[in-house]
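To keep things clear, I will list the structure first and then write my remarks on it.
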Amino acid sequence: MATTFTSTNLDSLASLAPENPDSLLLGQDPSINRIAHHTERAAQVECTVLITGETGTGKEVWARLLHRLGPRAGKPFVPVNCAALTATLAESQLFGHEKGAFTGAAGASLGVFRAAHGGVVFLDEIGDMPMELQPKLLRVLQEGEVTPVGSSHPQHVDVQVVTATNRNLERDVEEGRFREDLYYRLNLVELRMPPLRDRVEDIPHFIDFFSKKYAARYDQPVWVPSPETLRRFCEYRWPGNVRQLGFVIEQSYVLQCEPILPGVPETTGRNLNLPFTNLGRLREVAVEQALRTTSGHKGRAAELLGVHPNTLTRILAQLDEGE
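Residues 1 to 323 in UniProt numbering are what the sequence shown spells out, letter by letter.
The following block contains the structure:
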């Protein structure tokens with residue numbers, strides 16, 4: 001008999017280790033319990049699932065939870081960012097290829113779907129999948145088979161397909177950017193992730209979670225906001241949702257100061273407890289720590305610093321010139 005995904009089960013996620021991504025499924029919002037129930041049912045029947053919501057709402061976290069809740073838990077979970085697929089190699093990346101199928105194909109490749117056989121394929125940013133690949137994905141869903149590049153023989157695959165998007169796919173269908181038949185195949189169960197601004201009562205839980213997580217990572221005291229600061233955090237709109245909240249708190253640990261709301265002027269006389277007050281030196285240290293934290297990954301470092309990657313590139317160039 002199937003187990004029931006109750007609020008008690010949801011609450012138990014709070015006891016998971018901070019590095020466990022399922023820990024982000026904290027919250028008391030009623031919509032989250034409904035999403036959890038639908039997630040468990042979709043996992044049990046192994047149907048296609050479309051996860052929608054704004055950037056930063058935790059769509060991949062829920063896709064991974066779906067994988068863990070179903071009978072495919074012991075099989076592969078293979079995530080694919082459709083927006084990052086190389087146009088000329090996307091078909092091979094997804095469906096595999098035979099040796100010699102094209103220039104540079106020195107050996108055969110399974111591709112995503114065959115590599116995930118028995119498990120779950122998570123297609124993130126599905127709205128960015130090239131139109132020419134959409135009928136091939138539809139065939140996977142309808143017939144359970146793929147035809148590798150360079151082969152004339154289809155091969156059976158057994159995968160559960162979970163997709164996610166922050167786009168309005170219905171509008172994309174109306175405007176001819178996404179196949180209608182594929183949309184309905186993918187949308188057998190839709191999980192709509194609420195934005196953080198609609199989960200105000202959960203913001204204190206997320207603050208507590210991220211504060212403890214990054215205090216442990218950076219070996220610093222746990223940040224506990226004052227009532228006034230907590231009020232301002234709950235009133236903020238959080239356009240980047242839970243992900244942005246996590247970045248703001250992690251950034252404060254990197255810079256060794258209190259978290260600062262993006263674009264919101266801080267009150268005067270606030271003690272940031274900074275090691276020095278020279279702005280040039282502060283910028284240099286912030287960049288150094290962000291790069292060290294991300295093991296040199298400039299894109300992630302830019303996110304921690306709250307700047308565009310191009311801005312970080314310019315800052316690095318200026319710092320090099322100043323040496």
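Virtual Cβ for every residue (Gly too), placed ideally from N, Cα, C.
Discussion item. Using a Cβ-based criterion (distance less than 8 angstroms to any ligand heavy atom), does Val242 qualify as near the ligand SAH?
Written reply: Absence of the ligand SAH is noted for the structure shown, with no ligands found whatsoever.
Item to complete: Over the uninterrupted alpha helix (DSSP H) stretch that includes Gln44, give me the two end residues.
Response: 30-45
Worksheet entry | Reduced DSSP secondary structure (H/G/I, E/B, other) of Leu123 | strand
Item to complete: Let me know the secondary structure DSSP gives Arg217 once reduced to three states.
Response: helix
Discussion item. Between Leu305 and Ala286, how many whole angstroms is the CB-CB distance? I'm expecting something under 8 angstroms.
Written reply: 6 angstroms
Fill in: Thr57 (DSSP reduced to helix, strand or coil)
coil
Practice prompt. Output yes or no for whether 9 angstroms exceeds the beta carbon distance between Arg72 and Gly119.
Written response: yes
Item to complete: Apply the 10 Å Cβ neighbour rule to Ala83 and answer buried if 16 or more other Cβ atoms are within range, or exposed otherwise.
Response: exposed
Item to complete: Below 8 angstroms CB to CB, which residues in the same chain sit around Glu46 once its five sequence neighbours on both sides are set aside?
Response: Gly70, Pro71, Arg72, Gln160
Discussion item. I'd like to check one pair, Val157 with Arg185: are the Cβ atoms closer than 9 angstroms?
Written reply: no
Worksheet item: How far does the beta strand (DSSP E) with Val80 in it reach, from first residue to last?
Response: 77-81
Discussion item. Does the stretch 163-173 come into contact with the stretch 27-37, if we say contact requires no fewer than three beta-carbon pairs (one atom in each stretch) closer than 8 angstroms?
Written reply: no
Discussion item. My assumption, with CB atoms under 8 angstroms, is that Glu258 sits in contact with Trp223. Please give the rounded CB distance.
Written reply: 7 angstroms
Discussion item. Could you pull the DSSP bridge partners for Phe190 from this structure?
Written reply: In the sequence under discussion, the amino acid at residue 190 is Glu, which differs from the Phe named in the question. Leu50.
Discussion item. Classify Gln289: buried if its beta carbon has 16 or more other beta carbons within 10 angstroms, exposed otherwise.
Written reply: buried
Discussion item. Using a 10 Å radius around the Cβ and a threshold of 16 neighbouring Cβ atoms, would you call Leu241 buried or exposed?
Written reply: Checking the sequence shown, residue 241 turns out to be Asn, not Leu. Result: buried.
Worksheet entry | Reference Ala116; option with closest CA among Arg177, Met129, Met131, Gly144 | Gly144
Practice prompt. Pick out whichever of His38, Lys212, Glu228, Thr86 has its Cα sitting closest to the Cα of Asp128.
Written response: Thr86
Worksheet item: Whole-angstrom Cβ separation of Arg243 and Gly53, contact assumed at under 8 angstroms?
Response: The pair is not a contact, with the Cβ atoms about 11 angstroms apart (cut-off 8 angstroms).
Discussion item. Just list the residues that DSSP pairs Val162 with in beta bridges.
Written reply: Val49, Phe122
Worksheet item: Going along the chain, which residues of its own chain have a beta-carbon closer than 6 angstroms to the beta-carbon of Pro225, five neighbours each way excluded?
Response: none
Practice prompt. Determine the direct distance from the alpha carbon of Trp62 to that of Glu40, and round the result to whole angstroms.
Written response: 10 angstroms
Worksheet item: For Gly56, which residues of its own chain have a beta-carbon under 7 angstroms away from its beta-carbon, when the five flanking residues on both sides are left out?
Response: Gly240, Asn241, Val242, Arg243, Gln244
Fill in: Option nearest Arg300 by Cα separation, candidates Leu66, His153, Val248
Val248
Worksheet item: With DSSP run on the structure shown, which of helix, strand or coil describes Ser109?
Response: strand
Fill in: Between the CA atoms of Ile203 and Tyr236 - distance to the nearest angstrom
10 angstroms
Item to complete: Please name the residue, chosen from Leu50, Lys136, Gln155, that lies closest to Val189 on a Cα-to-Cα basis.
Response: Leu50
Worksheet item: For Gln318, does the three-state DSSP call read helix, strand or coil?
Response: helix
Worksheet entry | Under 9 angstroms between C-beta atoms of Phe95 and Lys136 | yes
Item to complete: Would you grab the beta carbon distance between Glu98 and Gly176 for me? Rounded to a whole angstrom, and I think it's under 8 angstroms.
Response: In fact, because the Cβ distance is near 33 angstroms, the residues do not count as touching under 8 angstroms.
Worksheet item: Is residue 329 helix, strand or coil by DSSP?
Response: Residue numbering for the chain in the displayed model covers 1 to 323; residue 329 lies beyond these limits and cannot be assessed.
Worksheet item: What's the gap between the Cα of Pro309 and the Cα of Leu282?
Response: 19 angstroms
Fill in: Test item: CB-CB of Leu123 and Thr163 under 9 angstroms
yes
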